[in-house]
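Participant: Heads up: the sequence shown at position 68 corresponds to 72 in this note's numbering, and the numbers run straight through without jumps.
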Amino acid sequence: MKIKDKRFKITALYERLSKDDEVQGESNSIVNQKRMLTQYAEQHGYENIEHYTDDGWTGTNFDRPDWKRMLADIEAGKVGTVIVKDMSRIGRDYLQVGFYTEVMFRE
Numbered sequence: 005m006k007i008k009d010k011r012f013k014i015t016a017l018y019e020r021l022s023k024d025d026e027v028q029g030e031s032n033s034i035v036n037q038k039r040m041l042t043q044y045a046e047q048h049g050y051e052n053i054e055h056y057t058d059d060g061w062t063g064t065n066f067d068r069p070d071w072k073r074m075l076a077d078i079e080a081g082k083v084g085t086v087i088v089k090d091m092s093r094i095g096r097d098y099l100q101v102g103f104y105t106e107v108m109f110r111e
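#1: For the structure I just gave you, are there three or more beta carbon pairs, one from the region 61 to 71 and one from the region 32 to 48, closer than 8 angstroms?
#2: So for TYR98, helix, strand or coil by DSSP?
#3: Just to confirm the assignment, what range does the beta strand (DSSP E) spanning ARG20 have?
#4: Would you mind sorting LEU99 into buried or exposed? The rule is 16 or more other CB atoms within 10 Å of its CB.
#5: I believe TYR56 touches ARG73 by the beta-carbon criterion, under 8 angstroms. Please report the beta-carbon distance rounded to the nearest angstrom.
#6: With ASP67 as the anchor, note down where its alpha helix (DSSP H) starts and where it stops.
In structure tokens, the structure reads:
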């Protein structure tokens, strides 16, 4: 069942860091992304925050676990807003990123 009222939908905060930058354990950059996105969401009145995090995944691969989980939640109508640090966090294939931002996330 799709949620119609945006106030009750998830605010998806998506973080990603590539394998090239991965450090042992959860990457410090991921911690920084989470803090930055949470602060932004709270300051702008977004509620029902949920983090979707792919640590150690390259941006050229769109078969990432939390990326796929977020897409499933979007398709199920559970997500009202997606917030990322910058567009490169979505991915490095800019045609594919364009598809998501212009077609899939259009609403």
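Backbone N, C-alpha and C define an ideal beta-carbon position, used for all residues, glycine too.
Facilitator: Working from what's here:
#1: no
#2: helix
#3: 14 to 21
#4: exposed
#5: 6 angstroms
#6: Where ASP67 is concerned, there is no enclosing alpha helix (DSSP H), given that its DSSP letter is neither H nor E.
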